[in-house]
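Comments concern the structure below.
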Amino acid sequence: MSAKLPSSLLRRRDGVVAEIAFVWLARFAVFAPLIVLGWLLGGLAIDGLGRIDWAFITELPSRKAERAGIWPALMGSLWLITLTAAIALPVGVAAAIYLEEYGRQSRIAGVVEVAIANLAGVPSIIYGMLGLGLFVRFAGLGKSVIAGALTLAILVLPIIIMSTREALRTVRDSLREAALGLGATRWQMVRQVIVPMALPGILTGAILAVSRAIGETAPLVLAGAVAYISFAPDGIDAPYTALPMQIYDWTSRPQKAFLVNAAAAIVVLTVVLLLLNSVAIWLRNRYQKRAY
Amino acid sequence: MDASAATSVEPVASGATSKPQRPWLRQRSGSVGERAIELGLAACSLVSIVVTIGIVVVLLYEASGFFAHVSLGEFLGDTMWTPTFTDNQHFGVWPLVVGTLMTATIAMSVALPFGLLAAIYLSEYAAPRTRRMLKPALELLAGVPTIVYGFFALTVVTPFLQGWLPELGGFNALSPGIVMGIMIIPMVSSLSEDAIYAVPDSIREAAYGLGASKLPTIFRVIVPSAWSGIAAAMTLAVSRAIGETMIVAIAAGQSNTLSFDPRGQTETMTAYIVRIAQGDLPTGSIGYQSIFAVGLVLFVMTLTMNLVSYRLSRKLRARNRT
Chain A
35 MSAKLPSSLL
45 RRRDGVVAEI
55 AFVWLARFAV
65 FAPLIVLGWL
75 LGGLAIDGLG
85 RIDWAFITEL
95 PSRKAERAGI
105 WPALMGSLWL
115 ITLTAAIALP
125 VGVAAAIYLE
135 EYGRQSRIAG
145 VVEVAIANLA
155 GVPSIIYGML
165 GLGLFVRFAG
175 LGKSVIAGAL
185 TLAILVLPII
195 IMSTREALRT
205 VRDSLREAAL
215 GLGATRWQMV
225 RQVIVPMALP
235 GILTGAILAV
245 SRAIGETAPL
255 VLAGAVAYIS
265 FAPDGIDAPY
275 TALPMQIYDW
285 TSRPQKAFLV
295 NAAAAIVVLT
305 VVLLLLNSVA
315 IWLRNRYQKR
325 AY
Chain B
79 MDASAATSVE
89 PVASGATSKP
99 QRPWLRQRSG
109 SVGERAIELG
119 LAACSLVSIV
129 VTIGIVVVLL
139 YEASGFFAHV
149 SLGEFLGDTM
159 WTPTFTDNQH
169 FGVWPLVVGT
179 LMTATIAMSV
189 ALPFGLLAAI
199 YLSEYAAPRT
209 RRMLKPALEL
219 LAGVPTIVYG
229 FFALTVVTPF
239 LQGWLPELGG
249 FNALSPGIVM
259 GIMIIPMVSS
269 LSEDAIYAVP
279 DSIREAAYGL
289 GASKLPTIFR
299 VIVPSAWSGI
309 AAAMTLAVSR
319 AIGETMIVAI
329 AAGQSNTLSF
339 DPRGQTETMT
349 AYIVRIAQGD
359 LPTGSIGYQS
369 IFAVGLVLFV
379 MTLTMNLVSY
389 RLSRKLRARN
399 RT
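Note that the protein sequences, when read in sequence, are chains A and B. First residue of the first sequence: 35, per the numbering used here; consecutive thereafter. First residue of the second sequence: 79, per the numbering used here; consecutive thereafter.
The following block contains the structure:
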């Protein structure tokens with residue numbers, strides 16, 4: 035904002051004590067939350083890092099905290115996000131393409147728009163209740179990976195639709211006009227020009243959606259994740275647990291040793307999240323340089 | 079993680095840009111294949127409407143079972159909540175509603191001042207380079223999974239606060255409330271900043287031209303001009319605090335009586351739902367049905383706040399256009 039003002043106005047600081055005090059207060063408001071974040075991450079690293087070894091990754095959960103591992107939870111999370119992405123991505127991207135490239139002026143698009151805005155604000159636990167009522171019970175999927183993945187897919191759908199629309203909007207209209215002018219049909223224009231151009235943005239949104247899904251706990255508690263399980267899922271109808279569920283289970287136990295396990299599992303979860311986000315940032319930087 | 083906050087908390091921002099002219103949108107697709115593709119894409123976009131209807135139907139259907147046993151008068155009149163007891167059952171939802179409002183109030187009393195001050199600092203004071211670094215750093219806070227915040231509230235913040243308040247229980251409303259507030263700060267600050275950013279520079283220049291210094295310009299001119307946008311951010315933040323689950327489920331404890339003491343155990347609507355869902359309740363039991371009744375109340379509350387927020391931000395946009 036201030037960049038737009040002439041610099042004489044920017045430098046206008048009247049030296050009043052009140053203003054100096056205010057600026058420091060405002061600075062504090064920005065930095066205090068960051069300090070808390072550092073405190074949180076630092077504390078976790080101190081508590082958790084020492085507990086992580088190869089056995090912690092590959093072992094099954096156990097009543098004895100020292101011998102317990104996260105293998106089923108890690109595999110469960112992998113199954114979940116793979117299925118979630120496989121379900122939510124095609125539907126979300128298709129919906130966004132329709133809203134941006136086809137139905138902009140139709141009445142349905144207006145209703146869909148309101149529905150998406152509304153869904154984005156629904157608490158995640160409500161999605162869990164939908165998953166419980168619809169997938170676990172009504173559709174008879176039971177407490178299976180697919181029920182959990184469908185629930186998470188619905189949860190991240192608004193994120194995928196919104197970020198894809200954002201990406202499609204960055205493609206200039208002149209490209210659309212050029213494609214159509216060369217005789218392309220509308221779908222040829224979308225598939226061969228618009229989507230490839232918007233792909234980095236779409237992928238970034240997809241990764242953000244996946245990282246949202248991987249950290250969710252509340253919907254899984256309702257949609258059938260089991261807190262204690264001694265094997266990794268072997269199919270879409272298998273019972274499952276997930277990393278956040280394992281963390282929740284360990285955090286709810288009174289013994290200190292389980293809290294250490296929880297901290298270690300959080301470190302693993304954070305590393306996975308950081309990896310995903312680095313890929314998203316790398317993708318964006320790599321493709322943003324390409325001018326169009 | 080930097081953009082996740084932006085995409086997840088700004089439903090109101092979509093569709094804000096003015097729509098360019100695209101004459102081909104008025105034409106129908108040509109061949110049968112083209113037409114089929116368009117219909118397929120349209121069907122995918124209808125999923126959002128189906129999901130919205132699905133949520134309402136599931137909540138109403140399961141809650142109707144609950145309200146067949148329990149009168150609305152008892153639900154809203156009693157002050158005890160013990161649906162899973164075998165005897166001495168009470169079905170007054172108030173303990174959960176009060177617990178929810180209490181943690182949300184604590185969260186907002188952290189998120190509101192910090193978020194607003196951060197927004198003012200970032201938009202009016204910070205140099206462009208500082209701003210470019212601080213904004214994504216703040217948004218990292220919104221990308222941390224809530225289960226991690228729950229762990230933090232229980233194992234770090236509660237013991238820390240007990241050093242100051244010895245009478246604070248191991249489970250309480252204060253610690254998860256504060257942590258929830260910290261989590262919501264980036265949401266408040268980035269949405270408020272957008273609102274402040276949208277205030278036209280001519281208004282700032284007019285204030286400076288009339289001889290106002292920076293601080294009065296901010297508080298008497300800029301913040302009031304951006305007020306409906308800031309209020310929209312606040313309302314969305316309250317809705318988020320009401321719906322937040324894992325932090326309170328881990329660190330707030332459980333309670334079935336009305337309590338206004340943030341130092342003692344508190345149960346929110348979300349925490350109750352999670353606690354009951356963990357047990358294996360048979361379908362059709364009153365305990366199972368009760369979570370949908372509570373979920374319905376939660377859904378109505380958050381939906382109301384989201385709609386208010388949507389209205390407020392539309393008002394801001396309409397005014398800035400003139």
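In this text, a Cβ means the ideal position worked out from N, Cα and C, and glycines have one as well. Small disclaimer: the values here were computed from a predicted structure and weren't measured.
Would you say L303 of chain A and P278 of chain A are within 8 Å of each other, going by their C-beta atoms?
Position 269 of the first sequence, counted from the first residue, corresponds to residue 303 of chain A. Position 244 of the first sequence, counted from the first residue, corresponds to residue 278 of chain A. For L303 of chain A and P278 of chain A, yes; Cβs fall inside 8 Å.
Simplified DSSP state of F370 of chain B, which is helix, strand or coil: Position 292 of the second sequence holds residue 370 of chain B. In the structure shown, F370 of chain B sits in a helix (DSSP, three-state: H, G or I).
CA-CA distance, A329 of chain B and I91 of chain A? Position 251 of the second sequence, counted from the first residue, corresponds to residue 329 of chain B. Position 57 of the first sequence, counted from the first residue, corresponds to residue 91 of chain A. Roughly 27 Å between the two C-alpha positions.
Every unbroken alpha helix (DSSP H) inside the segment 128 to 209 of chain A [4 residues or more]: Listed in chain order, they are 141 to 154, 158 to 164 and 179 to 203.
(message) Considering Cα atoms alone, identify which of A:V51, A:L83 and A:I236 is closest to E200 of chain A.
(response) Counting from 1 along the first sequence, the entry for residue 200 of chain A is found at position 166. Measuring from the Cα of E200 of chain A, the nearest candidate turns out to be A:I236.
(message) Which residues of the segment 106 to 123 of chain B have a Cβ closer than 9 Å to any Cβ of chain A? Give them in chain order.
(response) Contact annotation: in the segment 106 to 123 of chain B, residues whose CB is within less than 9 Å of a CB in chain A are S107, G108, S109, G111, E112, I115, E116, G118, L119, A120, A121, C122 and S123.
| said: Quick check on the DSSP output: the alpha helix (DSSP H) that includes E100 of chain A runs from which residue to which? | reply: Within the first sequence, residue 100 of chain A is the residue found at index 66, counting from 1. Taken as a continuous stretch (DSSP letters only), E100 of chain A belongs to no alpha helix (DSSP H), as it is neither H nor E.
>> Distance check for G241 of chain B and A130 of chain A, CA to CA, integer angstroms please.
In response: Residue 130 of chain A sits at position 96 when you count from the first residue of the first sequence. Residue 241 of chain B sits at position 163 when you count from the first residue of the second sequence. In this structure, the alpha-carbon of A130 of chain A lies about 52 Å from that of G241 of chain B.
- Message: So the candidates are A:L59, A:A107 and A:R320; which of them puts its Cα closest to the Cα of N295 of chain A?
- Response: On the first sequence, residue 295 of chain A is found 261 positions in, with the first residue counted as 1. Nearest of A:L59, A:A107 and A:R320 to N295 of chain A, Cα basis: A:A107.
Self-check item: C-beta neighbour in chain A for G307 of chain B, strict 8 Å
Solution: Here residue 307 of chain B corresponds to residue number 229 of the second sequence, with the count starting at 1. Not an interface residue.
Next on the checklist: Counting C-beta neighbours from all protein chains within 10 Å, is the total for I262 of chain B 16 or more, i.e. buried, or is it exposed?
Outcome noted: Within the second sequence, residue 262 of chain B is the residue found at index 184, counting from 1. It is buried - the Cβ of I262 of chain B has at least 16 other Cβ atoms within 10 Å.
Q.
Residues of the segment 265 to 296 of chain B in Cβ contact with chain A at a cutoff of 9 Å, in chain order, please.
A. The segment 265 to 296 of chain B vs chain A, Cβ under 9 Å: S267, E271, I274, Y275, V277, D279, R282, E283, Y286, S291, K292, L293 and I296.
| Which stretch, first to last residue, makes up the alpha helix (DSSP H) that contains T181 of chain B? | As a working note, residue 181 of chain B is residue 103 in the second sequence. Per DSSP, T181 of chain B is one residue of the alpha helix (DSSP H) stretching across W172 to I198.
query: What's the call for T95 of chain B, buried or exposed, on a 16-neighbour Cβ count within 10 Å?
result: Walking along the second sequence from the start, residue 95 of chain B turns up at place 17. Any answer about T95 of chain B is weak, because its pLDDT of 45 lies below 50 and its placement is not dependable; what the coordinates show is given next. T95 of chain B should be labelled exposed.
I'd like to know if A37 of chain A contacts chain B, where contact means its C-beta is closer than 8 Å to some C-beta of that chain.
Position 3 of the first sequence holds residue 37 of chain A. For A37 of chain A, the predicted structure reports a pLDDT of 49, less than 50, and the residue's modelled location is therefore unreliable. The matter cannot be settled from this model.
*Rounded separation between A396 of chain B and I159 of chain A - CA only*: Translated into positions along the second sequence, residue 396 of chain B becomes position 318. Translated into positions along the first sequence, residue 159 of chain A becomes position 125. So the two alpha carbons sit approximately 34 Å from each other.
Practice item. Scan the segment 105 to 137 of chain A for residues whose Cβ lies nearer than 9 Å to a Cβ of chain B and list them as they occur along the chain. Key: Only P124, V125, G126, V127, A128, A129, A130, I131, Y132, L133, E135, Y136 and G137 from the segment 105 to 137 of chain A bring a Cβ to less than 9 Å from some Cβ of chain B.
Exercise. Could you check what DSSP says for T335 of chain B in three-state terms: helix, strand or coil?
Key: By 1-based counting over the second sequence, the position of residue 335 of chain B is 257. Three-state DSSP puts T335 of chain B in a strand.
Query raised in the report: In its own chain, which residues sit with a C-beta less than 7 Å from the C-beta of V301 of chain A, not counting the 5 before and 5 after it?
Result: Taking the first sequence and counting its residues from 1, the one referred to as residue 301 of chain A is at position 267. Within the same chain, and ignoring the five residues on either side of V301 of chain A in sequence, the residues whose Cβ sits closer than 7 Å to its Cβ are L78, A79, G82, L83 and I86.
Would T130 of chain B pass as an interface residue toward chain A - the criterion being a Cβ-Cβ separation below 8 Å? To locate residue 130 of chain B, count along the second sequence from 1; it is residue 52. At least one beta carbon of chain A lies nearer than 8 Å to the beta carbon of T130 of chain B.
- Message: My assumption, with CB atoms under 8 Å, is that W159 of chain B sits in contact with V171 of chain B. Please give the rounded CB distance.
- Response: Locating residue 159 of chain B in the second sequence gives position 81, where the first residue counts as 1. Locating residue 171 of chain B in the second sequence gives position 93, where the first residue counts as 1. Rounded to the nearest angstrom, the Cβ distance from W159 of chain B to V171 of chain B is 6 Å, consistent with a contact under 8 Å.
- Which partner residues does W159 of chain B have in the DSSP bridge list? Reading the second sequence from its first residue, position 81 is the one you call residue 159 of chain B. In the DSSP output, where bridge partners are listed per residue, W159 of chain B has B:F169.
I want to verify the contact list: residues of chain A whose CB lies under 8 Å from the CB of G321 of chain B, in sequence order. Walking along the second sequence from the start, residue 321 of chain B turns up at place 243. Residues of chain A whose Cβ lies closer than 8 Å to the Cβ of G321 of chain B are, in chain order, V156, P157, S158, I159 and I160.
- Determine, using beta carbons only, whether P223 of chain B comes closer than 8 Å to chain A. Reading the second sequence from its first residue, position 145 is the one you call residue 223 of chain B. Judged by the 8 Å Cβ criterion, P223 of chain B is in contact with chain A.
(Q) For Y350 of chain B, would you say it is in contact with chain A, using Cβ-to-Cβ distances shorter than 8 Å as the test? (A) Within the second sequence, numbered from 1, the residue matching residue 350 of chain B stands at position 272. By this cut-off, Y350 of chain B is not an interface position.
Please report the distance separating the alpha-carbon of I4 of chain A from that of P244 of chain B.
This structure cannot settle anything about residue 4 of chain A, because the visible part of chain A is limited to 35 through 326.
query = What in chain B is Cβ-close to T251 of chain A, meaning under 8 Å?
reply = Indexing the first sequence from 1 puts residue 251 of chain A at position 217. Within 8 Å Cβ-Cβ: P223, T224, I225, T323 and M324.
- What does a CB cutoff of less than 7 Å around I115 of chain A pick up in its chain, not counting 5 residues either side in sequence? What you label residue 115 of chain A is simply residue 81 of the first sequence in a count that begins at 1. For I115 of chain A, where only same-chain residues beyond five positions count, the Cβ hits under 7 Å are V244, A247 and I248.
- Could you give the distance in angstroms between the alpha-carbon of W305 of chain B and the alpha-carbon of I351 of chain B? Translated into the one-based positions of the second sequence, residue 305 of chain B becomes position 227. Translated into the one-based positions of the second sequence, residue 351 of chain B becomes position 273. So the alpha carbons of these two residues sit roughly 35 Å apart.
Next item on the list: Consider the Cβ of G167 of chain A: report whether some Cβ of chain B lies at a distance smaller than 8 Å.
Entry: In the first sequence, residue 167 of chain A corresponds to position 133, counting from 1. True, the Cβ-Cβ gap to chain B drops below 8 Å.
List, in order along the chain, the chain B residues whose C-beta lies closer than 8 Å to that of L191 of chain A?
Looking up residue 191 of chain A in the first sequence gives position 157. Residues of chain B with a Cβ closer than 8 Å to the Cβ of L191 of chain A are, in chain order, V125, S126 and V129.
Problem set entry | Any chain A beta carbon closer than 8 Å to A174 of chain B | For this step, residue 174 of chain B is matched to residue 96 along the second sequence. First, the residue type needs correcting, since residue 174 of chain B is Leu and not Ala in the sequence shown. No, its Cβ sits nowhere closer than 8 Å to a Cβ of chain A.
Report the residue from B:L314, B:G362, B:P360 and B:L359 whose alpha carbon sits nearest the alpha carbon of A189 of chain B.
-> Locating residue 189 of chain B in the second sequence gives position 111, counting from the first residue. Cα-wise, what sits closest to A189 of chain B is B:L314.
Review point. So with Cβ pairs under 8 Å, would you call T313 of chain B a contact of chain A?
Key: In the second sequence, counting from the first residue as 1, residue 313 of chain B sits at position 235. Answer no: the Cβ-Cβ gap between T313 of chain B and chain A never drops below 8 Å.
*For A371 of chain B, go through chain A and note every residue whose CB falls closer than 7 Å to its CB, in chain order.*
Stepping through the second sequence from its first residue, residue 371 of chain B is reached at position 293. By Cβ distance, chain A contributes nothing, its closest Cβ being about 11 Å from A371 of chain B, past 7 Å.
Inter-residue CB distance, Q320 of chain B and T380 of chain B (contact presumed, cutoff 8 Å): Counting from one through the second sequence, the residue named residue 320 of chain B turns up at place 242. Counting from one through the second sequence, the residue named residue 380 of chain B turns up at place 302. Correcting the residue type first, residue 320 of chain B is Ile in the shown sequence and not Gln. 6 Å between Cβ atoms; contact.
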